[in-house]
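There are 2 protein chains.
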Amino acid sequence: MGGMNPASDMANDMVTDTAAAQEPRWLTDEEQRTWLAYVHATTLLEDHLDRQLQRDAGMPHLYYHLLVVLSAQPQRRLRMTELAMKTKITRSRLSHAVARLEKNGWVRREDCPSDKRGQFAVLTDGGQEMLDKSAPEHVAAVRQALFDRLSPGQQKALGEIMEIVAEGLQPKEVGADLPWLR
Amino acid sequence: MGGMNPASDMANDMVTDTAAAQEPRWLTDEEQRTWLAYVHATTLLEDHLDRQLQRDAGMPHLYYHLLVVLSAQPQRRLRMTELAMKTKITRSRLSHAVARLEKNGWVRREDCPSDKRGQFAVLTDGGQEMLDKSAPEHVAAVRQALFDRLSPGQQKALGEIMEIVAEGLQPKEVGADLPWLR
DNA sequence: CCCCCGTAGTTGAAGTCTCAACATTTCTTG
DNA sequence: CAAGAAATGTTGAGACTTCAACTACGGGGG
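Chains as they are written, first to last, in this note's numbering: chain A, 2 to 183; chain B, 2 to 183.
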């Protein structure tokens, strides 16, 4: 089941070069299986939730998640850039998404009084109602696909792992590795 | 940090109803954190790999993965439906993807002699070369984002968890839970 | 005060994905 | 063997995403 190993399955050769990636460290068989399982699971789960929410709420998972995040904010509102950061998407993507959600009446835009460039994305009452209505089905789907299948220990491990991975990919605060190579 | 709990944070009420989902079991705080971390990590990682591969190989991650799977097959070829199943995508999506990859010269289509409906997707020599060329950068990206940040125990746990989740979402062999409700 | 630069957010075009409909071919069953 | 049912793969339209370019505003330094 080759994957990331176009050359050989041997153990890594001695590294005789400077620093970065002269002879790449291929994935071991175990790592390949893990990576393949990761790709499969994330693909299937995202597809599954997209279909579930498209059916029950009329929008893809990301859009639903935007509403969820907004609903947890003080005035059910957030500046566009903040919302983009909290949901790990680009401002452009968010702009398109909010335009669509606005057309559906779940979200409304408001100008920011202190910064004339700024815009707030505000969850409307209709948006909150739609969330309340579709939340049970959604949480059930997440449970059935994920939590109900994992032991408590696995759930704990999953949380820790995902926090590490997310932390490592945050665009902000590079700090740690080789900032001079970027 | 509300998420899936529009009503309350109290423990689950006593269930007084028939079977499925009358009063949904909301996610606990811990489960909400885990779920949020999962969404963040998978979003960021897929975006990261899409950008890395778009830059280094001129295609998104899924397309690259299609080539990887093909390259591991006996004659570097697979029937469309088999390739779709192995990569967990729909036949339609695969059709579009292969059309694009064919235009780029990485893949070629071939008729199946034994089934006149069938088509093989075949990885071309050019496709294999491009894989060989971009594999080092890609494996490095996967390592840096995932494996290098996890302990051996976490890697093992991740593999097991993802296999469970993927297994549970396979469209085939429903079997286990409540097939009569679908 | 003005210029330059950085930030906030939007836009349009091109690429990708979903969904339903479709044409073909194969399988199944009476 | 002749339907009807199922499987294979494609197609087109509409929805979503990406990328780069763009407008508009805010914040210093001269």
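Even glycine gets a Cβ: it sits at the ideal position worked out from N, Cα and C. These numbers were taken from a predicted model, which means no experiment stands behind them.
Outcome for residue i when other beta-carbon atoms lying within 10 angstroms are tallied against a minimum of 16
i	result
alanine 42 of chain B	buried
glycine 128 of chain B	buried
threonine 88 of chain A	buried
threonine 91 of chain B	exposed
glutamate 32 of chain B	buried
glutamate 38 of chain A	Reading off the sequence shown, one finds alanine at residue 38 of chain A, where the question assumed glutamate. It counts as buried.
glutamine 53 of chain B	buried
alanine 20 of chain A	For alanine 20 of chain A, the predicted model reports a pLDDT of 46, less than 50, meaning its position is unreliable and no value from the coordinates is stated.
Distance between residue j and residue i (C-alpha atoms, nearest Å)
i	j	result
serine 96 of chain B	arginine 144 of chain B	30 angstroms
arginine 56 of chain A	arginine 26 of chain A	44 angstroms
glutamate 168 of chain B	leucine 159 of chain B	14 angstroms
valine 70 of chain B	leucine 28 of chain B	37 angstroms
lysine 157 of chain A	arginine 110 of chain B	45 angstroms
glycine 119 of chain A	histidine 62 of chain A	26 angstroms
glutamate 161 of chain A	leucine 147 of chain B	13 angstroms
arginine 78 of chain A	aspartate 30 of chain B	22 angstroms
alanine 142 of chain B	alanine 58 of chain B	13 angstroms
valine 40 of chain B	glutamate 47 of chain A	9 angstroms
valine 123 of chain A	alanine 98 of chain B	37 angstroms
glutamine 74 of chain B	lysine 104 of chain B	21 angstroms
tyrosine 65 of chain A	serine 72 of chain A	11 angstroms
threonine 44 of chain B	glutamine 23 of chain B	31 angstroms
serine 115 of chain A	leucine 67 of chain A	24 angstroms
methionine 163 of chain A	threonine 35 of chain A	14 angstroms
glutamate 138 of chain B	aspartate 112 of chain A	44 angstroms
proline 153 of chain B	leucine 170 of chain A	20 angstroms
Under 7 angstroms by beta carbon: chain B residues contacting residue i
i	result
lysine 89 of chain A	His41, Thr44 and Leu45
histidine 49 of chain A	Leu170
Contacts of residue i in chain A (Cβ-Cβ under 7 angstroms)
i	result
methionine 81 of chain B	In chain order: nothing, as chain A lies at least about 17 angstroms away.
leucine 151 of chain B	Ile162 and Ile165
alanine 58 of chain B	Result: empty, since nearest Cβ-Cβ is about 13 angstroms, beyond 7 angstroms.
valine 108 of chain B	Simply none; closest approach about 17 angstroms.
Within chain B, partners of residue i - CB distance below 8 angstroms
i	result
leucine 68 of chain A	None at all; the shortest Cβ gap to chain B is about 11 angstroms.
alanine 146 of chain A	Val166, Gly169 and Leu170
valine 99 of chain A	Within 8 angstroms Cβ-Cβ: nothing; valine 99 of chain A doesn't reach chain B, min ~17 angstroms.
Interface residues of chain A facing residue i [CB-CB closer than 9 angstroms]
i	result
glutamine 155 of chain B	Ala158, Glu161, Ile162 and Ile165
leucine 124 of chain B	Near leucine 124 of chain B there are no residues of chain A at all, since even the closest Cβ is about 12 angstroms away, more than 9 angstroms.
proline 75 of chain B	Within chain A, no residue comes near proline 75 of chain B; the closest Cβ sits about 12 angstroms away, beyond 9 angstroms.
Neighbouring residues, chain B, relative to residue i (Cβ below 9 angstroms)
i	result
alanine 85 of chain A	Simply none; closest approach about 12 angstroms.
Chain-ordered chain A contacts of residue i [CB-CB under 8 angstroms]
i	result
glutamate 32 of chain B	Phe148 and Gln156
Review point. Considering only residues of the stretch 56-84 of chain A, which uninterrupted beta strand (DSSP E) runs meet the minimum length of 3 residues and lie entirely inside it, listed in chain order?
Key: Secondary structure within the stretch 56-84 of chain A: the beta strand (DSSP E) runs of 3 or more consecutive residues, fully enclosed, are 78-80 (chain order).
**Study point:** Any 3 or more C-beta pairs closer than 8 angstroms across the stretch 83-96 of chain A and the stretch 130-148 of chain A
**Key:** Cβ pair count under 8 angstroms is below three, so no.
Exercise for review: Report the residue ranges of all alpha helix (DSSP H) runs contained in full by the stretch 114-172 of chain A; include only those spanning at least 4 residues, in chain order.
Suggested key: 126-146 and 153-170
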